[in-house]
Each structure stands twice: as structure tokens, then as C-alpha cells.
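Asks:
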Ligand code: SAH
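Numbering (the numbering used here), first residue to last: 1277 to 1524.
(1) With distance defined between alpha-carbon atoms, name the residue in 1339, 1368, 1492 nearest to residue 1307.
(2) Per DSSP, which residues does residue 1421 bridge with? Please list them.
(3) Measure the C-alpha to C-alpha separation of residue 1414 and residue 1447 and round it to an integer number of angstroms.
(4) Please name the residue or residues paired with residue 1487 in a DSSP beta bridge.
(5) The alpha helix (DSSP H) spanning residue 1305 covers which residue range?
(6) If you check the beta carbons only, do residue 1460 and residue 1490 fall under 8 angstroms apart?
(7) Under three-state DSSP, which class holds residue 1320?
(8) Rank 1309, 1388, 1349, 1344 by C-alpha distance to the C-alpha of residue 1325 and give the top, closest one.
(9) Figure out for me which residue from 1314, 1395, 1393, 1402 has the closest Cα to the Cα of residue 1357.
(10) Label residue 1520 either buried or exposed according to how many other C-beta atoms from any shown protein chain fall within 10 Å of its C-beta, with 16 as the threshold for buried.
(11) Can you tell me whether residue 1411 is buried or exposed? The criterion is at least 16 other CB atoms within 10 Å of its CB, across all chains shown.
(12) How is residue 1426 classed by DSSP in three states: helix, strand or coil?
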């Protein structure tokens, strides 16, 4: 995603361009080291609050997966409601900041069968975050999930990795899983701070063969943060993805 540059104009040069090819794991690890994490929100995500009932579908205490989780506050918010959270994040700094900032004590241990990966677990056992490349993760490691909150995961991935990613996500969906996919659609063509937008057709290509896809919301609201970025228009979309086999 974006990194902050020197700012003198209102809309120009606030961000360096990061082409998809630049968005390597090293890029992300360095961004966390430098705390260039403009994507992080200091509050629970509005769209999650709004559509949580759609994910829960009347269920209580479900297992919720957070791919590419960063240090999203949403994880603590859902754990406090009795749900069990599993996240995957490549940056150890992000994971440690999450537990420290949320005042949660935690343990850290290696993961059998995942070289280089560590599992960070809150003392109450409600939140488990794997420090790992998402592509090294599978249902063999932590089972399948009843719900998924996926914000800002597709965009950072190279197009060639997105098929791999959607296949992986589908294997992580338990029967009855309700997957909320939140994507940003930047409509200002010359804006260079965000990776390419995700068109609806791509979401259908990625998930449509196995899943039903429903657009829950397409919001054109500019937040203060996006105005700061110099954006004039910004669309955030939430899709509900469910397994076709659930409806047959
Ligand atoms: N979902 C989070 C963060 C989105 S930004 C939020 O809502 O705040 C993407 C995050 O994914 C970053 O924290 C980055 O460090 C992490 N990341 C990028 N590529 C990854 C990969 N291949 N495996 C695991 N984590 C990755």
C-alpha cells in the first residue's frame, strides 16, 4: 500500500508509488519497522460493525479468520464478544504491537510443520496470530473457519498470486462459513498511492466458480484520512462470499 513521502502540496507526492511488484514480504516488514502503516485504523472498522450480523447469521462464539491481519483492533473487539480469532501476518512487529497495545498478555512458540513461523497466543486463548506468509498457511494448521473478515488483503497481492489466495481462502471456509470481503476501489486514475483497484469481475473470477457472491455495500464516503491522502473519490465495497455447496 502507500508510504508517506515529503508533503508540500495538497494532493501531490504524499505517497510513493508502490507497484504490485514492489509489494514483497520485505516491503511489508520494512513498512512495519518504519511504522509506515497508513492502512491501520485506530477504531473498529465501520463496515465490520455494520455487517457483522450478516457474518454471524445468528451464531454465537464462532471461529473467525483474519488473513493479512496487521494489528487490526477488530480482532480484540470480536474476541471480547466471545468469538475465537485466528490471524496471519508476516510482520512480527505488527503482532507484538497488537498484543501490547490491546493490553493482552501472550505466549510465543514455533509452529510444528511451518518452518520460520511463530504462533502468538493470548493468555485467554481467544486470539491466535501466526507470524507467517499467508501462502504457507493451510487448514492443516488451524482448521477451518465459520467467518472471515478480509480487509485490504487482495490489493497488496500480485495478480498472479490472487488465484492462489482465493483457492486458499476457499479451503479455509467451513460449511456455513460467511466471508466478508472488504475492498477499496480507488476511482481517481492518476492517484498513485494505492495498488490497483479490484473490479467486481475479478472477484467473480476468483471466487465465482465455487462461491455465491453478494455485494452488501458500495460506499462512496470519504473519511478524514482519505481526504488527507488527497483523494477526491473513494469507494469501499463489501461482498458476502458463501460456499455454493451450502445452498444446494
Ligand atoms: N487487514 C489489516 C491490514 C491490511 S494491510 C487491517 O485491516 O488493518 C496488509 C497486511 O498484510 C500488512 O500488515 C502486511 O504486513 C501483511 N502482509 C502482506 N503480505 C503478506 C503475506 N504474504 N502473508 C502474511 N501477511 C502479509
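Note that beta-carbon positions come from the ideal geometry of N, C-alpha and C, so glycine has one too.
Replies: In terms of the structure at hand:
(1) For the purposes of this step, residue 1307 is identified with residue 31 of the chain shown, where counting begins at 1. Comparing Cα-Cα distances from residue 1307 to each of 1339, 1368, 1492, the minimum goes to 1368.
(2) Working through the chain shown from its first residue, we reach residue 1421 at position 145. Answer by DSSP bridge pairing, in chain order: 1449.
(3) Counting from one through the chain shown, the residue named residue 1414 turns up at place 138. Counting from one through the chain shown, the residue named residue 1447 turns up at place 171. Approximately 8 angstroms, taken between the alpha carbons.
(4) Reading the chain shown from its first residue, position 211 is the one you call residue 1487. 1519, per the DSSP bridge assignment.
(5) For the purposes of this step, residue 1305 is taken as the residue at position 29 of the chain shown. Taken as a continuous stretch (DSSP letters only), the alpha helix (DSSP H) holding residue 1305 covers 1301-1309.
(6) As a first step, residue 1460 must be located in the chain shown, where it is residue number 184. As a first step, residue 1490 must be located in the chain shown, where it is residue number 214. At least 8 angstroms separates the beta-carbon of residue 1460 from that of residue 1490.
(7) Counted from its first residue, the chain shown places residue 1320 at position 44. Of the three classes helix, strand and coil, the one that applies to residue 1320 here is coil, per DSSP.
(8) Here residue 1325 refers to the residue found at position 49 of the chain shown. For the residues 1309, 1388, 1349, 1344, the minimum Cα distance to residue 1325 belongs to 1349.
(9) Along the chain shown, one-based indexing puts residue 1357 at 81. Comparing Cα positions, the closest option is 1402.
(10) Along the chain shown, one-based indexing puts residue 1520 at 244. Around the Cβ of residue 1520, a 10 Å sphere holds fewer than 16 other Cβ atoms; the residue is exposed.
(11) Working through the chain shown from its first residue, we reach residue 1411 at position 135. Exposure of residue 1411 is indicated by the presence of fewer than 16 other C-beta atoms within 10 angstroms of its C-beta.
(12) If you number the chain shown from 1, residue 1426 lands on position 150. Strand, per DSSP.
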